[in-house]
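Participant: Protein chains in written order, with our numbering: chain A, 185 to 515; chain B, 1145 to 1433. Beta carbons: idealized from backbone N, C-alpha and C, even for Gly. Quick one: the structure is below, questions incoming.
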Amino acid sequence: MTRETIINLAIFAALIAFAIGAHLMGNGFAVTLATKAAIFALAGVGLNLALGYGGLVSLGHAAFFGIGGYVTGILASHAMSGTPVLTFPFTLAGSNDMLGIWPMAMVAGGLLALAIGALSLRTTGVYFIMVTLAFAQMVYYFAVSWPRYGGEDGLSFYVRNNFPGMNTFDPIQYFAICAALLAIALVFTAVVTQSRYGLALQAARQNRQRTMAVGIRPYGVLLVAFVLSGMIVALAGSLYADLNRFVSPAMLSWHMSGEIMVFVILGGVGRLCGPVAGAAIYILLEHLLGDVSEYWQALLGLLLLVIVIYSPGGLIGLITGRLPDRKLRNA
Amino acid sequence: MMLFLMAAGLTLVFGVMGLINLAHGSLFMIGAFACAFVAAATGHYWLGLAASLLVSAGVGALIEVGVIRKLYARDYLDQVLATFALILVFSEGTRWVFGSFPLYLNLPELLSGAVTLPGGLQYPVFRLVIILFGAAVAIGLWLLIGRTRLGIRIRAGEADREMIAALGVDIARLYTIVFALGAALAGFAGALVGSIQSVQVGMGEPVLILAFVVVVIGGIGSIKGALIGALLVGMTDTLGKALLPGLFAALGGGSGANAMAATVASMLIYILMAVVLVIRPQGLFGAKA
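So this is what it looks like as structure tokens:
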């Protein structure tokens, strides 16, 4: 076991221990906080796949987060009112079942990522950042100006969806679901990044020309990473919608994209558990600074600045030292 | 035209310094607040405008020296995060100083009211003035970049920053100037827009995204691209919002048509951007991406 693996396990264990501890002390709010951290960590893990391993600096991942949320909200609200979501070209009933909702959220997120990725990957560098941002804004404005599902006001669905054999309203049980999905996503990321494909992906980040020279087309490799990343983030969005029993365009806004990116960078880009550490610390800071001052975002901003300037490898980087090759595609 | 001012500043910073600056929207907001504050304190609108230029340029220079300078050698990622952090600091900082209520600017007599254009169309004087300002800035920038010594250095810095440093140009100072100039343009745009709408926290963000779209369409680093991109985006947006409802009503009719039209109209400029990207990934006037 390398030092980083131990740290990864420790971070994940700390999150679980925090939630269980809070549960035993009967502090439901802290459990919910941990759940939020786990969900944001999942979103971060998704983005990390594109950003950390593929070098794709996407500032548009809120689009996937939001679409996951909206799929959940729309299905749940239709299930509540007993009306079908679609009657043409096929009938699609609403659903309250997480096992049914998740795949739909992921497929929707994946399709959106396919469309956005296919166009955005024609560009590189600064263009890529701005283009992903602009596409996410497009989805955002779509949600704002589409009155059917609440428009600007968002969409509430009152009842948390069901998971077989679990009471999803119990904070600790819902935390268990989210943490389990996070664990699965982490294992998935570990497997993917060490596979043949993962190596090709990292090669595409490091040097496009050389990747092409060995006979791999970076475009396809990167697009797959972008789509996978979008699917994981959409799943996180679905969980987040269920946590709040509410979706709104705020989930799609570019602040959300920025925040997801902050989780990743704060923890450490391209580190397996980086996003987990990042999201946990972000949520904690948000909570603690909120007590200090009404204007906690300013403090948070200053803190982030200090971290960016003095600790380029993120928090995990502080402990393990910089990875030998962390250059992102910069041209 | 206001979009052009904003985008020109952005493209200057992007193109020359290779820096992605999300805090450009904050500078826009700072300019607007500076203008509103000074205009209210002194009663002179023109002083407010001057203040918006000075304050935003000053803040821009401070940002460059304090934060950005440490990040040139880093990835875009760190720049994105740092400027995102700056947004948080500035938005909350402004809210802390000025409160969350919007401020309003009173236009001087000279600029309020409307003129009758040839053809009998009534048009507000102030919007004409903005167009004039925009045109003046466009010409000014074109002269500055194309005809002056500073412009030559800026262009040289764009091409090869090590080489021009080796030639004895103080590259650090040059970058501070460029960044301050970009910031001043943003602040100026903010002051002008603040005079039409209200001045409030967060006003810079929608404009920032629009400016991104303009820069992407026009091509990074191209002032001409920024101008044409801004015109294109402005026209598409306005025409879309004006014409689409009628078009959709004529085509489909029904109650859904209106909502549909509004939805499509709000997405139109992004669709425009997607089309441009499919045809020319580097933007209309961009060099190689």
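Which residue wins for smallest C-alpha separation from B:K1368, given the options B:V1281, B:L1191, B:T1238, B:F1181?
Facilitator: The residue with the shortest Cα to Cα distance from B:K1368 is B:V1281.
Participant: Use the C-beta contact count for A:M350: other C-beta atoms within 10 angstroms, 16 or more gives buried, fewer gives exposed.
Facilitator: Classification for A:M350: exposed.
Participant: Examine chain A for any beta-carbon lying closer than 8 Å to the beta-carbon of B:T1380, and answer yes or no.
Facilitator: No, no contact with chain A.
Participant: Could you check whether the Cβ of A:I258 sits closer than 8 Å to any Cβ belonging to chain B?
Facilitator: Not closer than 8 Å to any Cβ of chain B, the Cβ of A:I258 fails to qualify, so no.
Participant: Could you tell me the boundaries of the alpha helix (DSSP H) in which B:V1350 lies?
Facilitator: Here residue 1350 of chain B turns out to be Pro, not Val, going by the sequence shown. Segment 1348 to 1362, the alpha helix (DSSP H) holding B:P1350.
Participant: Please go through the region 1255 to 1321 of chain B and give each complete beta strand (DSSP E) segment of 3 or more residues, from N-terminal end onward.
Facilitator: Runs of the beta strand (DSSP E) inside the region 1255 to 1321 of chain B: 1258 to 1260, 1266 to 1268.
Participant: For chain A, check one thing: does any of its Cβ atoms lie closer than 8 Å to the Cβ of B:L1421?
Facilitator: Closer than 8 Å: yes.
Participant: Is B:M1411 close to chain A, meaning its C-beta is less than 8 Å from at least one C-beta of that chain?
Facilitator: Yes, contact with chain A.
Participant: Taking A:I251 and A:G293 to be in contact with their CB atoms under 8 Å, please state how far apart those CB atoms are, rounded to whole angstroms.
Facilitator: Rounded, the Cβ-Cβ distance is 5 Å, consistent with contact.
Participant: Please state if the CB of A:S441 and the CB of A:G253 are separated by a distance shorter than 8 Å.
Facilitator: No, they are not a contact pair.
Participant: Does DSSP put B:L1247 in a helix, in a strand, or in coil?
Facilitator: Correct three-state label for B:L1247: strand.
Participant: Look at A:I258 and A:S422 and say whether their C-beta atoms are less than 8 Å apart.
Facilitator: No, Cβ-Cβ distance for A:I258 and A:S422 is not below 8 Å.
Participant: So that I know if they touch, is there some Cβ in chain B lying closer than 8 Å to that of A:Y311?
Facilitator: Yes, contact with chain B.
Participant: With respect to the alpha helix (DSSP H) encompassing B:V1209, which residues constitute its N-terminal and C-terminal limits?
Facilitator: Residues 1189 to 1210.
Participant: Where A:G548 and A:F430 are concerned, what is the direct C-alpha to C-alpha distance, given to the nearest angstrom?
Facilitator: For residue 548 of chain A there is no data in the structure shown, the boundaries of chain A being 185 and 515.
Participant: Using 8 Å as the cut-off, can you tell me whether the region 372 to 381 of chain A makes contact with the region 206 to 221 of chain A, which would need three or more C-beta pairs spanning the two stretches below that distance?
Facilitator: Counting Cβ pairs under 8 Å, fewer than three are found: no touch.
Participant: Go ahead and pull the three-state DSSP assignment for A:M445.
Facilitator: Helix at A:M445.
Participant: Is it buried or exposed, B:P1425, if we count other Cβ atoms within 10 angstroms and call 16 or more buried?
Facilitator: B:P1425 comes out buried.
Participant: Under a three-way DSSP split, which group does B:D1219 fall into?
Facilitator: Coil at B:D1219, not helix or strand.
Participant: Specify, as a first and last residue, the run of the alpha helix (DSSP H) that A:P433 falls within.
Facilitator: Segment: none, A:P433 is in no alpha helix (DSSP H) and carries neither H nor E.
Participant: Mapping DSSP to helix, strand and coil, what is A:A482?
Facilitator: Residue state, collapsed to three classes: helix.
Participant: By alpha-carbon positions, which one of A:L469, A:C457, A:H471, A:M445 ends up nearest to A:N192?
Facilitator: Closest option to A:N192, Cα to Cα, is A:C457.
Participant: Going by DSSP, what residues sit across from A:P268 in a beta bridge?
Facilitator: Bridge partners of A:P268: A:A277.
Participant: Using a Cβ-Cβ cut-off of 8 Å, state whether B:T1088 counts as contacting chain A.
Facilitator: Shown here, chain B extends from 1145 to 1433; a query on residue 1088 of chain B therefore has no answer.
Participant: Could you spell out the range, first to last residue, of the alpha helix (DSSP H) harbouring A:C457?
Facilitator: Looking at the DSSP string, A:C457 is not in any alpha helix (DSSP H), and its letter there is neither H nor E.
Participant: Using 8 Å as the limit for Cβ to Cβ distance, is B:D1304 near chain A?
Facilitator: Not one chain A Cβ lies under 8 Å of B:D1304.
Participant: Should B:Y1220 be labelled buried (16 or more other beta-carbon atoms within 10 Å of its own) or exposed?
Facilitator: Buried, because 16 or more other Cβ atoms sit within 10 Å of the Cβ of B:Y1220.
Participant: Assuming B:V1343 contacts B:F1177 under a Cβ cut-off of 8 Å, what Cβ separation, rounded to an integer in Å, is found between them?
Facilitator: B:V1343 to B:F1177, Cβ: 6 Å. Contact.
Participant: Would A:G442 count as contacting chain B if we go by Cβ distances under 8 Å?
Facilitator: Yes, contact with chain B.
Participant: Listed in chain order, which residues of the region 472 to 494 of chain A have Cβ atoms closer than 7 Å to some Cβ of chain B?
Facilitator: Taking 7 Å as the Cβ-Cβ cut-off against chain B, the residues of the region 472 to 494 of chain A that qualify are Y479, Q481, A482, L484, G485, L486, L488, L489, V492, I493.
Participant: Using 8 Å for Cβ pairs, my map puts A:A247 next to A:V343. What's the rounded Cβ distance?
Facilitator: Incorrect: roughly 26 Å between the Cβ atoms, too far for contact.
Participant: Relative to the C-alpha of A:A461, which candidate in A:I500, A:D426, A:A201 has its C-alpha closest?
Facilitator: Per the Cα distances, A:I500.
Participant: What residues from chain B crowd round A:S329, counting only those whose CB sits closer than 7 Å?
Facilitator: Chain B residues near A:S329: A1406, T1407, S1410.
Participant: Please list, in chain order, all residues of the same chain as A:E443 whose beta carbon is under 8 Å from its beta carbon, the five residues on each side excluded.
Facilitator: The answer, listed in chain order, is F224, Y466.
Participant: What does the alpha-carbon distance come out to for the pair A:H471 and A:L484?
Facilitator: The alpha-carbon atoms of A:H471 and A:L484 are separated by roughly 11 Å.
Participant: Got a sec? Which residues, its chain only, sit under 7 Å from B:L1215 by beta carbon, not counting five neighbours each side?
Facilitator: Excluding residues within five positions, the ones whose Cβ falls inside 7 Å are D1222, Q1223, A1226.
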